[in-house]
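Have a look at the structure below before the remarks.
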Amino acid sequence: MSIHKSLNLGGGVTSTRSVFTRRERIERLMEAGEFAEGDAPVGLPKVRTNFKVMTRRQAKAIAAAEAEKEAADAAAAAAETEEEF
3 MSIHKSLNLG GGVTSTRSVF TRRERIERLM EAGEFAEGDA PVGLPKVRTN
53 FKVMTRRQAK AIAAAEAEKE AADAAAAAAE TEEEF
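Numbering-wise, this note's numbering puts 81 at position 79 of the sequence shown, and it's gapless, one number per residue.
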């Protein structure tokens, strides 16, 4: 017996997670300097997650701005090398 197509979940759960795994929490705490190598992994403090996800449009705008900045830096470096000769 097959499942009705209105009941199919498609690609699965696509929402962002609001909870980190213990390993992820320890990694974030180690980056912040709040967890040492020998500390107990029980009773860890809460770690804030990123609730707002960047949209594709925002990601493209940031990538374009970075590419533009890199091009300007490369042009400035080329101009400096021409001045030296």
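C-beta atoms are modelled at their ideal positions from N, C-alpha and C, and glycine is treated no differently.
Might you give, ordered along the chain, the residues of its own chain that have their beta carbon closer than 8 Å to the beta carbon of residue i, omitting 5 neighbours on each side?
i	result
Gln-60	none
Below 8 Å on the Cβ atoms is my guess for residue i versus residue j; work out the distance and round it to an integer in Å.
i	j	result
Glu-29	Pro-47	That belief does not hold up - the Cβ atoms of Glu-29 and Pro-47 are roughly 14 Å apart, past 8 Å.
DSSP state of residue i, grouped into three classes?
i	result
Met-3	coil
Thr-23	coil
Met-56	coil
Asp-75	helix
Arg-50	coil
Ala-69	helix
Glu-39	coil
Thinking C-beta only, is residue j closer than 8 Å to residue i?
i	j	result
Arg-19	Pro-43	no
Phe-22	Val-49	yes
Report yes or no: is there a C-beta of chain D within less than 8 Å of the C-beta of residue i?
i	result
Leu-31	Annotation note: the requested chain D is absent from the structure, which comprises a single protein chain.
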